[in-house]
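Residue numbers (our numbering), protein chains in the order written: chain A, 33 to 396; chain B, 31 to 527.
A virtual CB, placed ideally from N, CA and C, is assigned to each residue, including glycine.
Here is the structure we will look at, set down as structure tokens.
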């Protein structure tokens, strides 16, 4: 490996070390999600730098060149930016680019998330083609020079035609070898994630932010585990409806709370579109837990009879700031333990980390 | 060239241009060692540039960081390195393969002038012209330490050294400095101080309280002798090398970092003059000799691109070339000396012409003996500052932006000289390595109006502490807070002085 690649790899390693140290901060930083490019996020890591006794920038002026009166602001382009200028050195906030994938990998290592075992044997197989094979026939453009040479050499050696003094190798047509493809079956499991969120009057911006960040990382982790993922978003107050992702995080309604309405909608959705034999079904529900008392029973029966039997996982995150008395999470906790039922409080940014560990730590 | 970067020789067309341009350069009076051009594609160029032109340098992450920065800003179209040249004999210069022929010609002319500058400018006279080999040696030595002692300790030690590598004495290669320690003088004993006297006069001639005071003074002197250095030392790296308790390999690493810092220092001291010189001659050679009619537009485009100014920064290429032309013009006209200086009629000064024609000779002299500070101090005139529309700017905290501060010549000159002094780095001296008689290292920042970057202070002191292994102190000024002492003894401290 050339030295520059080594040095670059070392640099990236250092950057990643820094990110890992502050992973909790980065994970719970909602801004990151907004900054996401196609599949890279850039994370500001100002710490990767060699400190020096050097002049601070702001109290230090400089000399410039051009038009303008004293008092005029200098236009775009911070002084000192750009190479070569001897004046005020630009202060670079180093932005490390890192892919969401790498970040998720770090998160997974940090949370010690197990790989998900897709359920069911009926997962759909797809094929992948790779040019790793060698054949005796093929187009000239794919001729494998080394292999052809080797074949010719072998033949000439075997036939005693090889002269070390004059090592001329002449390939015959039958010596020719061509690169060719090989198809590999690729196990391919499908998954659907259904997010359900309470948008009753008591769910404010703060609560939605917590939901949004949690859901982002759930998405990211499940995406790493499945080729195809469907995501559905259900919002509810006293009645439920399906919305797109954008709306899901922005919508604000009022009214009372009937958690069962979302579960009913969810059950219909699963029944209509997602055959549990073919789909891995993930249900995530977020609410502040302030449910109509009379609704709890119907919600529980829906869960027990229809949803828990078919879902890989049903996670309930209660984004309450403090306890309100008897809330939906208490109702769920009174239920007989189910392998695939997880509940937790998500009170603040820090709790997101632990919620992710709980939700995804099941490996289901 | 290094085995690490695959390079190609000059194609025939460029090879023949090289011959021609070398000829023109010699004709105009440039003298230089052999120049070897190496063609690189942009990625190789970025790689080589990340190592400051020396692909065989020791392994370190900051080169990888620099490479990533260059690669990104190239990809975003923010910059493009057309050329790079290093101060060695033979002189190596890198050309970008994708350049147009006219660019390559421009760059070659530019490179020959740089080679001439490296070769002839006094500030470069102490630099090692076999630096390619030396850097490779450094690389091999550090590689060996990495293998022997592990990446972590060696790398963090290099980081610590680099964090201090601007604390050198840039003038030391040219001046003999007082040593940090001197042999203690033969101290006179108390007996010698006592005057001869007969017994009854003793208490008058040698009063006991006087003798006691004398004894105390001797003791203080002795105490002070244990304080060193005797005179403040600017070359902190040398001071550490000689006095810090370091392992042999650490000494070697520190010596490597120091040697490279001294090697690169003259380039930072002569940015304006060196780039100005090279631009002056690429322009001269191209327009007089090497340019073909069809290439004119591209040449003009790229030449003006190099010299482009933007309000917030001073383009060293632009200031340099204009200053050299200004000097040449003045010496051609004889616009210097007592008579000229005494004349205060602007019109007369502007039309001053004694037909001396000494311009070319003068700028060759300037390139031989000046660095940026010197050339600005000596040749920056009010006319020039006005003509070039120079101004000073400062940060306006209310507007959170930089604004034009002044167009006053004295201000401009002061600001410019300030930013060039000590190659733009703060002047920090070791004043006592036995502070409080406890072996603590005491540094003073010679504050001249600009504060040190405060977010770096503690971390840098920590690095210094790791090398010195006893508590370290830095005395400096902070605006609106006055004289402060920053210390590190395992934890950062700060107190008012």
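Within chain A, no C-beta atom comes less than 9 Å from the C-beta of residue 364/B; the nearest is roughly 28 Å away.
DSSP, read as helix, strand or coil, puts residue 106/A in coil.
Between residue 65/B and residue 145/B, the CB-CB gap stays under 7 Å. Counting the other CB atoms within 10 Å of its CB gives residue 177/A a total below 16, which places it among the exposed residues. If the five residues before and after residue 450/B are omitted, its C-beta is found closer than 7 Å to the C-beta atoms of 402, 403 and 406, all from its own chain and listed in chain order. In the structure shown, residue 130/A falls within a strand segment according to DSSP collapsed to helix, strand and coil. Put simply, the CB of residue 96/A is near chain B, with a gap under 7 Å to one of its CB atoms.
Within the same chain, and ignoring the five residues on either side of residue 374/A in sequence, the residues whose Cβ sits closer than 8 Å to its Cβ are 345, 346, 347, 348, 390, 391 and 394.
Looking only at 433/B, 420/B, 233/B and 100/B, the smallest Cα-Cα distance to residue 446/B is reached by 420/B. A direct Cα-Cα distance of roughly 46 Å separates residue 146/A from residue 284/B. Close CB contacts of residue 524/B within its chain, under the 8 Å cut and outside five residues either way in sequence, are with 514, 515, 516 and 517 (chain order).
Out of 38/A, 286/A and 133/A, the CA that lies nearest to the CA of residue 98/B is found in 38/A.
Here residue 251/A is actually not in contact with residue 319/A; their C-beta atoms are around 19 Å apart, not less than 8 Å. With a threshold of 7 Å between beta carbons, residue 501/B makes no contact with chain A. In this structure, the CA atom of residue 308/B is about 7 Å from the CA atom of residue 141/B. DSSP, read as helix, strand or coil, puts residue 251/B in helix. A buried status is given to residue 363/A, since no fewer than 16 other beta-carbon atoms sit within 10 Å of its beta-carbon. At a cut-off of 7 Å between C-beta atoms, residue 496/B does not count as an interface residue with respect to chain A. In the DSSP assignment, residue 506/B falls within the beta strand (DSSP E) that extends over 502-508. In terms of Cβ geometry, residue 273/B and residue 464/B do not form a close pair [threshold 7 Å].
With fewer than 16 neighbouring CB atoms inside 10 Å of its own CB, residue 149/A falls in the exposed class. In terms of beta-carbon proximity, residue 97/B lines the interface with chain A, with at least one pair separated by less than 7 Å. Pairing residue 320/B with residue 51/B gives a Cβ-Cβ distance under 7 Å.
Residues are counted here when their Cβ sits less than 8 Å from a Cβ of chain A; for the region 377-390 of chain B the count is zero. Closer than 7 Å at the C-beta level to chain A, one finds these residues of the region 332-345 of chain B: 339, 340, 341, 342, 343, 344 and 345. The beta carbon of residue 192/B falls within 7 Å of a beta carbon belonging to chain A, placing the residue at that interface.
Under the criterion of beta carbons closer than 8 Å, residue 36/A and residue 77/B qualify as touching, at roughly 5 Å. Within the DSSP bridge table, the entry for residue 97/A names 420/B as partners. Nearest CB-CB separation between residue 433/B and chain A: below the 7 Å threshold. Judged by DSSP secondary structure, residue 290/B falls within the alpha helix (DSSP H) whose first and last residues are 278-299.
Listed along the chain, the chain B residues whose CB falls inside 8 Å of the CB of residue 86/A are 196, 455, 456, 482, 483 and 486. The DSSP-derived three-state label of residue 228/A is strand. Apart from sequence neighbours up to five positions away, no residue of its chain approaches residue 89/B with a beta-carbon distance below 6 Å. Comparing C-alpha distances from residue 424/B to each of 84/A, 105/A, 74/A and 83/A shows the shortest one belongs to 105/A. A residue is called buried when at least 16 other Cβ atoms come within 10 angstroms of its Cβ; residue 381/B does not meet this threshold and is exposed. Chain-order list of chain B residues neighbouring residue 80/A: 95, by C-beta distance under 8 Å.
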